[in-house]
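For the sequence shown, my numbering assigns the number 904 to the initial residue and increments by one for each residue that follows.
Here a beta-carbon is modelled for each residue, glycine too, at the ideal position from N, C-alpha and C.
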Amino acid sequence: MPRKTIGHHSRFHLGLLPRIFIAMALGVSFGFITPHWGADLMATFNYVFSQFLGFLIPLIILGFVAPAIAELGSRAGKMLAVTAALAYAATLFAGFSAYFTADSLFPSMLAGQIMPAAAESAGFISTPYFKIDIPSPLPVTTTLVLAFTLGLGCAYISGNTLRLALTDFRSIVSKTITSVVIPLLPLYIFGIFLNMTIEGKVGAILTAFAKIIVVIFILHVGILLLQYCIAGFIARRNPFRMLWTMLPAYFTALGTQSSAATIPVTLRQTIAMGVDKDIAGFVVPLCATIHMSGSTLKIVACAIALMILQDHPYDIASMSQFIAMLGVTIIAAPGIPGGAIMASLGLLSGILGFSDAQNAMMIALYIAMDSFGTACNVTGDGALAAIVGRIFPRGAE
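Here it is as structure tokens:
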């Protein structure tokens, strides 16, 4: 017994944030020395794990949103409207911030530069040994509508059978997240950075657009600081402490490149930040789909940079229409890396007049920086959840 007691108390526990850092560093380091078979092995794991994540995403949304709405009672309808309005307002603000910043800085920063050709792969492309496809049970939009319908229905009827079933379902989803997803997440991130390093697709693009990337990163930081200063003022909390608490979600998103896949960590850190678990369970999965500040910021900045580099005309009217539509259109983006840019291609062509070649360049540039936009999205979700939690305090009907 004494030996077990000593072992229990002295056991070292490494938190999720340092594990993510270590996974990222090891992925880049091993990318220079890993043989083909090792890269293919990690590609196999990443493929299967990403399929499993895709399968879980609708279950996570249904498992958290529906019971959260049911438990919130008659406030749920108002909370949905307020959350959606806050998310869209934040997305619009980020888009226009990117426009005015890029329009002011990029013409002088990019003077005399030309658009580089698409980078060729500097190494081999990792190929999974085998693939196990796990189809998603429901599309994300369908799942959201189902979650709203079930949750609102349970909130306004007197019966408890379905409400209890949804609560049990949430427990199953939560157990799956804590027992499977969170422990394997660092290995998944390691595989992503390993393959990015081996394939060498990002380096040339990042070098050519170094100035743009710096501006976009500073914009992301500025947007997050502003969001958390506002959230801290409204929620009466220290905004910097709140932002520090959300860093695991930020760095997880850097690795997964998916707001939806980062929901488990975002939800956990939002609750740790002091937001009521039911509020967080409602806002976080919802905002993973509808709050796209980082993605909008990056798409707008990249579009303006590309237009300047290729002498493509633009004006405030067309960009305003583009930003307003973008905030709605990318809501339909699937929870996968690059989903937002794929959903915005129609707007780029229809409103800004981009050609297929320009769209291809936008995809390449966006994907090269996809992690930063996603990280801004999910970290901002915590700020919105804190604001919603203050507007709808727990226990107030």
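query, result
"Is the beta carbon of F1096 closer than 9 Å to that of G1276?", "no"
"Exposed or buried, which one is K1034 when buried takes at least 16 other CB atoms within 10 Å?", "exposed"
"Determine, for Q1224, whether the minimum Cβ-Cβ distance to residues of chain B falls below 9 Å.", "Protein chain content of the structure displayed is limited to a single chain, and chain B is not contained in it."
"Out of L1157, M1210, L962, V1281, which one is the CA nearest neighbour of V1261?", "This sequence places Gln at residue 1261; Val is not what is there. The candidate whose alpha carbon is nearest that of Q1261 is M1210."
"Measure the alpha-carbon distance for D1179 versus L1008 and round it to whole angstroms.", "41 Å"
"DSSP state of Q954, grouped into three classes?", "helix"
"Buried or exposed: P970, going by 16 or more other Cβ atoms within 10 Å of its Cβ?", "buried"
"Thinking just about the alpha-carbon of each residue, which of P1010, N1141, R1140 is nearest to the one in V1118?", "P1010"
"My guess is that I960 and S1039 are in contact by the Cβ rule of under 8 Å, so how many angstroms apart are they, rounded?", "7 Å"
"So what's V1178 in DSSP terms, helix, strand or just coil?", "coil"
"Does the beta-carbon of D1284 have 16 or more other beta-carbons within 10 angstroms, so that it is buried, or is it exposed?", "buried"
"Tell me which residue opens and which closes the alpha helix (DSSP H) that N1280 is part of.", "1273–1294"
"Given that a residue counts as buried once 16 or more other Cβ atoms are within 10 Å of its Cβ, and exposed if not, what is A926?", "buried"
"Would you call the CB atoms of L1069 and G966 closer than 9 Å?", "yes"
"Can you tell me where the alpha helix (DSSP H) holding L1209 begins and where it ends?", "1196–1212"
"Assuming M982 and F1185 make a contact with CB atoms under 8 Å, what is their CB distance in whole Å?", "6 Å"
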